[in-house]
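Participant: Count along the sequence shown from 1, add 3, and you get the number used in our numbering. Every residue gets a Cβ at the ideal spot worked out from N, C-alpha and C, and that includes glycine. This one's a predicted model, so the numbers in the text were calculated from it and none came from an experiment. Pasting a structure here, questions to come.
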Amino acid sequence: MGPNSCSPHRASRSTVSIEERARLPLHLRGSIMPTIEAAFRLRVAFPLFVCSFVGIALACNDSPVRPHVVLISVDTLRADHVGAWGYERATTPTLDTLASRSVRFSNAISHASWTLPSHMSVMTSLRPSVHGVSTQRSLAPEAITLAETLKGVGYRTAAFVSWVYVGKSFGFGQGFDSFRTLIRPGRVEMGAGGGAHSARQIVDVVVDWLDHDPVDPLFLFVHLFDPHSDYDPPREYSEMFDPDYAGSLDGRFDTLTKFNRYLDAPAQDLPRRDLEHIEALYDAEIRYVDDQLARLLQALDEQLGLDNCLIVFTSDHGEEFMDHGSMEGHGWSLYEEVLHVPLLVKLPNAEWAGSVVTNPVGLIDIAPTILNWIGVDPPAAFEGTSLAGLIEGRDETHTPQYVLSENDRWNIKRRSIRGSRYKLIITEDTGVNTAGVPVRAGIELFDLREDAGEQHNLYEPEDPRSQALVSLLEKMSASPASPSNNPEVEISPEQTELLRSLGYVE
């Protein structure tokens, strides 16, 4: 392949095996990070031409070649535990390097605080109440997904996921040529699958697939379940951030449910020292995943060329660590600890590298942004807005300026809107949740500029600001009735038992 070829560049393969790379964390082996940094800094650029302000098209001999699109989601990753978002622990060296070569959205907000509806909002650019996907209902066949749209313009589409709630049973396979779920340790099969498995195993499979089946152009979706509970990092990571802990508390879900006020009222108090240890285990899981991201990025560079890739990195939701009196949880509340997530957009040739967008944006904006940037009109049904204008610094009035989030689960109904400064949360009176804990109606208003931790409720019924935000939330929540043709979900007994073990079903 000559230097003027239109096909994506492929660097020479490393002589280090997947197994050898995977066995040691980066802080012990120190070999992958320089490679990743070099991949960003020392690439020899191919002939690339910037075409139009809405997108970048690769051109050669008048034959347009679109960039590869890579969407990476790490489950349960709080933005405030990422180095690029100001976290002091060294949890994310790889992600921080990627951030330096990307556009960073410092105020990205999920539209739901748990995996299933949040990921489906990413794939459909629809709010949870509009796409209608739940534990009982899968995606309506007529819904249009990002994968379907990219496939329609010539992309080969492939997905590698590690959790049943991002599986085929719920409609995530719609539009993918290849969809794989790790269904038990060491085994990957086609199909819906089910199970939560190691980031190392998923990355092993993706690396092998890239080594044998890369195509041009490619849309690749990779979902990594860690650092979701249980907080049980590999042994070489477990003492990374808290080697002196002498207590008995571990990070297993069953151990921590007694500190969840949504499951047990009143919840038990969690001693500060034990809380610090649990957060250290969570951080160790983040670091473990970050090291696997290094392997994934290296493989992408070797097989596709990072300069030829549009990479989007995000998470579906965060996690609670007693921020509001509850431990080990998500899917219950709509506070910042579960809605504020990292979002990076690494453009081809690292365009706009290092830029930071502070405007609040929603995850439904991801799909329109990808399509806009490669020169494809988003489907009319998409609710999100392309972020291209914010990226290029020419759109100071990005709409919406508030992001709507929803929670309708476990007999808890909450809605919130989040702007640059103010956030409003409305909880409906549903009596009791599925665990028998009372759910009381209430409205909360927070000034995030003065109260980032959302500890001081400013809502007053007669206050004009409160009234205006309630009115705005009701207006933004207005939508057609939830789809009536979402098919019922069918999952295996094994998947049901796995969900039960993590508290997702009774």
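Name the one or two DSSP bridge partners that H84 has.
Facilitator: Sequence index remark: in the sequence shown, residue 84 carries index 81 (1-based). According to DSSP, which records beta bridges pairwise, H84 is partnered with nothing at all.
Participant: Using 8 Å as the threshold, is the region 223-239 in touch with the region 73-83, meaning 3 or more CB pairs across them?
Facilitator: yes
Participant: Using the rule of at least 16 other Cβ atoms within 10 Å of the residue's Cβ for burial, across every protein chain shown, is H280 buried or exposed?
Facilitator: Translated into positions along the sequence shown, residue 280 becomes position 277. So H280 counts as buried.
Participant: Classify H320 as buried or exposed, calling it buried when 16 or more other Cβ atoms lie within 10 Å of its own Cβ.
Facilitator: In the sequence shown, residue 320 corresponds to position 317, counting from 1. By the 16-neighbour rule on beta-carbons within 10 angstroms, H320 is buried.
Participant: Would DSSP call P11 helix, strand or coil?
Facilitator: Here residue 11 is taken as the residue at index 8 of the sequence shown, counted from 1. Residue placement at P11 is poorly supported in this model, since its pLDDT is 34, which falls under 50; the coordinates still yield a value, given next. P11: coil per DSSP, three-state reduction.
Participant: Determine, using beta carbons only, whether I415 and F449 come nearer to each other than 9 Å.
Facilitator: Here residue 415 is taken as the residue at index 412 of the sequence shown, counted from 1. Here residue 449 is taken as the residue at index 446 of the sequence shown, counted from 1. Not closer than 9 Å, so no.
Participant: Comparing alpha-carbon positions, which option in P467, E465, E447 lies nearest Q458?
Facilitator: Position 455 of the sequence shown holds residue 458. Residue E447 is the option with its Cα nearest to Q458.
Participant: Compare the beta carbon distance of W166 and T127 with 9 Å and say whether it is the shorter of the two.
Facilitator: To locate residue 166, count along the sequence shown from 1; it is residue 163. To locate residue 127, count along the sequence shown from 1; it is residue 124. Contact flag unset, no.
Participant: Just curious, the beta strand (DSSP E) that Y338 is in, first and last residue?
Facilitator: As a first step, residue 338 must be located in the sequence shown, where it is residue number 335. Counting along the chain, Y338 falls outside any beta strand (DSSP E), and DSSP gives it neither H nor E.
Participant: Return helix, strand or coil for L129, following the three-state DSSP convention.
Facilitator: Taking the first residue of the sequence shown as position 1, residue 129 is located at position 126. Coil at L129, not helix or strand.
Participant: Going by DSSP in three states, I281 sits in which element: helix, strand or coil?
Facilitator: Taking the sequence shown and counting its residues from 1, one reaches residue 281 at position 278. The answer is helix: DSSP assigns I281 an H, G or I state.
Participant: Assign P363 to one of three DSSP states: helix, strand, or coil.
Facilitator: Start at 1 with the first residue of the sequence shown, and residue 363 comes out as number 360. Three-state DSSP puts P363 in coil, outside helix and strand.
Participant: Does the distance from the CB of D411 to the CB of S137 come in under 9 Å?
Facilitator: Indexing the sequence shown from 1 puts residue 411 at position 408. Indexing the sequence shown from 1 puts residue 137 at position 134. For the pair D411 and S137, the CB atoms are nearer than the 9 Å cut-off.
Participant: In this structure, does DSSP put N375 in helix, strand or coil?
Facilitator: By one-based count along the sequence shown, residue 375 stands at place 372. If DSSP states are grouped into helix, strand and coil, N375 belongs with the helices.
Participant: For V406 and A444, what's the separation of their Cα atoms in angstroms?
Facilitator: In the sequence shown, the residue the question calls residue 406 occupies position 403. In the sequence shown, the residue the question calls residue 444 occupies position 441. Taking the straight line from one Cα to the other gives about 21 Å.
Participant: Using a Cβ-Cβ cut-off of 7 Å (strictly less than) and excluding sequence neighbours within five positions of F179, which residues of its own chain qualify?
Facilitator: Walking along the sequence shown from the start, residue 179 turns up at place 176. Correct list, in chain order: A150, T160, A161, A162.
Participant: Looking only at its chain, what residues have a beta carbon closer than 6 Å to the beta carbon of A146, apart from the 5 residues adjacent to it on each side?
Facilitator: For the purposes of this step, residue 146 is taken as residue 143 along the sequence shown, with counting starting at 1. Excluding residues within five positions, the ones whose Cβ falls inside 6 Å are T127.
Participant: T100 and I289 - do their beta-carbons sit closer together than 9 Å?
Facilitator: Walking along the sequence shown from the start, residue 289 turns up at place 286. Walking along the sequence shown from the start, residue 100 turns up at place 97. Against a cut-off of 9 Å, the Cβ pair of T100 and I289 comes out as no contact.
Participant: Where does R424 land, buried or exposed, given buried means 16+ other C-beta within 10 angstroms?
Facilitator: On the sequence shown, residue 424 is found 421 positions in, with the first residue counted as 1. By the Cβ neighbour-count rule, R424 is exposed, with fewer than 16 other Cβ atoms within 10 Å of its own.
Participant: Count the other CB atoms within 10 Å of the CB of Q177; is the residue buried (16 or more) or exposed (fewer)?
Facilitator: Counting from one through the sequence shown, the residue named residue 177 turns up at place 174. Under this definition Q177 is a buried residue.
Participant: To the nearest angstrom, how far is it from the Cα of L393 to the Cα of R107?
Facilitator: Reading the sequence shown from its first residue, position 390 is the one you call residue 393. Reading the sequence shown from its first residue, position 104 is the one you call residue 107. Each residue's alpha carbon lies about 11 Å from the other.
Participant: Does the distance from the C-beta atom of S104 to that of A391 stay below 9 Å?
Facilitator: Walking along the sequence shown from the start, residue 104 turns up at place 101. Walking along the sequence shown from the start, residue 391 turns up at place 388. First, the residue type needs correcting, since residue 104 is Arg and not Ser in the sequence shown. With contacts defined by Cβ atoms closer than 9 Å, R104 and A391 do not form a contacting pair.
Participant: In whole angstroms, give me the CA-to-CA distance for R183 and R275.
Facilitator: In the sequence shown, residue 183 corresponds to position 180, counting from 1. In the sequence shown, residue 275 corresponds to position 272, counting from 1. In a straight line, the C-alpha of R183 is about 41 Å away from that of R275.
Participant: Using DSSP with H/G/I as helix, E/B as strand and the rest coil, what is N64?
Facilitator: What you label residue 64 is simply residue 61 of the sequence shown in a count that begins at 1. Legend: pLDDT at N64 = 36, less than 50; position of this residue unreliable, no value from coordinates given.
Participant: Which class does G321 belong to by DSSP, given the choice of helix, strand or coil?
Facilitator: Residue 321 sits at position 318 when you count from the first residue of the sequence shown. Residue state for G321 is assigned as coil, using DSSP reduced to three classes.
Participant: Whole-angstrom Cβ separation of P230 and V292, contact assumed at under 8 Å?
Facilitator: Along the sequence shown, one-based indexing puts residue 230 at 227. Along the sequence shown, one-based indexing puts residue 292 at 289. Taking the Cβ atoms as the reference, P230 lies roughly 6 Å from V292, within the contact range of under 8 Å.
Participant: Short of 7 Å in beta carbon distance, which residues of its chain neighbour P237, apart from the five on each side in sequence? Order them along the chain.
Facilitator: Taking the sequence shown and counting its residues from 1, the one referred to as residue 237 is at position 234. Taken in chain order, the residues that qualify are Y291.
Participant: What separation, rounded to the nearest whole angstrom, lies between the Cα atoms of P464 and K426?
Facilitator: For the purposes of this step, residue 464 is taken as residue 461 along the sequence shown, with counting starting at 1. For the purposes of this step, residue 426 is taken as residue 423 along the sequence shown, with counting starting at 1. Cα to Cα, P464 sits roughly 15 Å from K426.
Participant: Given a cut-off of 9 Å, decide if L153 and L303 are closer than it, judged by their beta-carbon atoms.
Facilitator: Counted from its first residue, the sequence shown places residue 303 at position 300. Counted from its first residue, the sequence shown places residue 153 at position 150. Against a cut-off of 9 Å, the Cβ pair of L153 and L303 comes out as no contact.
Participant: If R418 sits next to L476, beta carbons under 8 Å apart, how far is it from one beta carbon to the other, in whole angstroms?
Facilitator: One-based indexing of the sequence shown puts residue 418 at position 415. One-based indexing of the sequence shown puts residue 476 at position 473. Contact flag correct, Cβ pair sits at about 6 Å.
Participant: First and last residue of the beta strand (DSSP E) that includes D450?
Facilitator: On the sequence shown, residue 450 is found 447 positions in, with the first residue counted as 1. For D450, the uninterrupted beta strand (DSSP E) run begins and ends at 445-450, by DSSP.
Participant: Helix, strand or coil, according to DSSP, for Y425 in the structure here?
Facilitator: For the purposes of this step, residue 425 is identified with residue 422 of the sequence shown, where counting begins at 1. DSSP places Y425 in strand when its eight states are reduced to three.
Participant: Within 10 angstroms of its Cβ, does D286 collect 16 or more other Cβ (buried), or is it exposed?
Facilitator: As a first step, residue 286 must be located in the sequence shown, where it is residue number 283. Burial call: buried.
Participant: Taking S181 as the reference, give the member of P246, V218, A202, N460 with the closest Cα.
Facilitator: Within the sequence shown, residue 181 is the residue found at index 178, counting from 1. The residue with the shortest Cα to Cα distance from S181 is V218.
Participant: Under a three-way DSSP split, which group does T138 fall into?
Facilitator: Numbered from its first residue, the sequence shown carries residue 138 at position 135. Reduced to three states, the DSSP call for T138 is coil.
Participant: Could you check if D233 is buried or exposed, using at least 16 other CB atoms within 10 Å of its CB as the buried criterion?
Facilitator: Mapped onto the sequence shown, residue 233 falls at position 230. Answer is buried; the Cβ neighbour count reaches 16.
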